[in-house]
Amino acid sequence: MKRDPLEGLLGHTGRDPGCEAAFEHFHRYCDAALRGEDVEQEFPEFVNHLRNCPGCREDAEGLLAALREIESD
Amino acid sequence: MPERGREEVDDLCHQAASDAAMAILRKLPEFRGESRFTTWACKFALFEISTRLRRHAWRHRRIELDEQVWDRLADSAPPALTRLEHTETLQSLQRAIRDDLTDRQRLIFQAAVLDEVPIDVLAERLDSTRGAIYKILHDSRARLRRAVERSEGKEGRV
Numbered sequence: 095m096k097r098d099p100l101e102g103l104l105g106h107t108g109r110d111p112g113c114e115a116a117f118e119h120f121h122r123y124c125d126a127a128l129r130g131e132d133v134e135q136e137f138p139e140f141v142n143h144l145r146n147c148p149g150c151r152e153d154a155e156g157l158l159a160a161l162r163e164i165e166s167d
Numbered sequence: 205m206p207e208r209g210r211e212e213v214d215d216l217c218h219q220a221a222s223d224a225a226m227a228i229l230r231k232l233p234e235f236r237g238e239s240r241f242t243t244w245a246c247k248f249a250l251f252e253i254s255t256r257l258r259r260h261a262w263r264h265r266r267i268e269l270d271e272q273v274w275d276r277l278a279d280s281a282p283p284a285l286t287r288l289e290h291t292e293t294l295q296s297l298q299r300a301i302r303d304d305l306t307d308r309q310r311l312i313f314q315a316a317v318l319d320e321v322p323i324d325v326l327a328e329r330l331d332s333t334r335g336a337i338y339k340i341l342h343d344s345r346a347r348l349r350r351a352v353e354r355s356e357g358k359e360g361r362v
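Chains A and B, in that order, give the protein sequences.
Take the first sequence: its position 33, counted from the start at 1, is 127 in my numbering, and no numbers get skipped.
Take the second sequence: its position 149, counted from the start at 1, is 353 in my numbering, and no numbers get skipped.
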């Protein structure tokens with residue numbers, strides 16, 4: 095598939111709910127990801143937001159890492 | 205990390221933990237069991253800590269419109285820019301940033317995308333919220349994409 099050259103600067107074109115709406119889904123997304131579910135299928139707009147927003151992406155990765163650490167204790 | 209810096213970060217984390225605990229207590233009636241309680245509660249702690257740490261890391265750096273940003277980026281381009289290999293597209297984009305965005309959109313797009321300033325930091329400096337800054341960034345990106353596509357369409361490249 096041809097890569098969109100503008101994607102890195104202008105983001106993905108799919109629907110993006112924004113940071114505040116995404117915040118409401120963080121916990122559900124992280125639990126689903128930890129259960130190994132198909133999060134792209136289950137949370138397409140949230141995943142699109144993570145692609146576009148470095149802050150939320152970093153937070154999601156941080157939350158997942160923290161939860162994995164808690165689970166391993 | 206120097207001792208003083210470590211104390212500052214420790215202090216930030218303690219403040220964040222305290223604010224997160226308050227947020228959890230305030231939001232508790234809204235917990236609907238859609239996830240494990242630990243996951244839901246950790247979300248607030250993580251957001252408080254990450255926001256404070258980002259703001260702390262950027263506290264001595266200025267954020268301003270910089271007309272030379274493209275020249276500076278030639279040497280230290282963020283990954284997003286290095287992937288944009290098409291010179292004509294890049295020129296269309298530069299034109300669109302100059303002509304199609306408002307001053308505030310230009311400042312936020314340049315800071316967030318080209319200078320990689322975290323959105324929480326921009327929200328603090330511009331006396332706004334993360335959600336409002338992201339909305340401006342999102343609208344700016346959509347406007348730039350339309351302008352670039354229009355420009356390339358005129359040149360028969362689409």
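From the three backbone atoms N, C-alpha and C, an ideal C-beta is built for every residue, glycine too.
Quick caveat, the model's predicted, so the values are computed rather than measured.
Buried or exposed (CB count within 10 angstroms, at least 16 for buried), residue i
i, result
"ASP153 (chain A)", "buried"
"ARG210 (chain B)", "exposed"
"MET95 (chain A)", "Bear in mind that a pLDDT of 48 at MET95 (chain A), under 50, signals an unreliable position, so the number given afterwards is only what the model happens to contain. Looking at its Cβ environment, which holds fewer than 16 other Cβ atoms inside 10 Å, MET95 (chain A) is exposed."
"HIS218 (chain B)", "exposed"
"THR243 (chain B)", "buried"
"GLN314 (chain B)", "buried"
"ILE323 (chain B)", "buried"
Min CB distance residue i to chain A below 8 Å
i, result
"VAL213 (chain B)", "no"
"ILE340 (chain B)", "no"
"CYS217 (chain B)", "no"
"LEU297 (chain B)", "yes"
"TRP365 (chain B)", "The structure shown does not extend to residue 365 (chain B), since chain B is modelled only from 205 to 362, so the question has no answer here."
"VAL321 (chain B)", "no"
"SER332 (chain B)", "no"
Residue j beta carbon less than 8 Å from that of residue i
i, j, result
"ASP167 (chain A)", "GLU139 (chain A)", "no"
"TRP262 (chain B)", "VAL317 (chain B)", "no"
"PHE241 (chain B)", "PHE248 (chain B)", "no"
"LEU348 (chain B)", "ASP303 (chain B)", "no"
"SER344 (chain B)", "ILE312 (chain B)", "yes"
"LEU128 (chain A)", "VAL352 (chain B)", "no"
"GLU207 (chain B)", "ALA224 (chain B)", "no"
First and last residue of the uninterrupted alpha helix (DSSP H) at residue i
i, result
"TRP244 (chain B)", "241 to 261"
"PHE117 (chain A)", "113 to 117"
"LEU294 (chain B)", "291 to 304"
"LEU157 (chain A)", "148 to 166"
"ALA224 (chain B)", "207 to 231"
8 Å Cβ cutoff, residue i in contact with chain B
i, result
"ASP167 (chain A)", "no"
"GLU139 (chain A)", "no"
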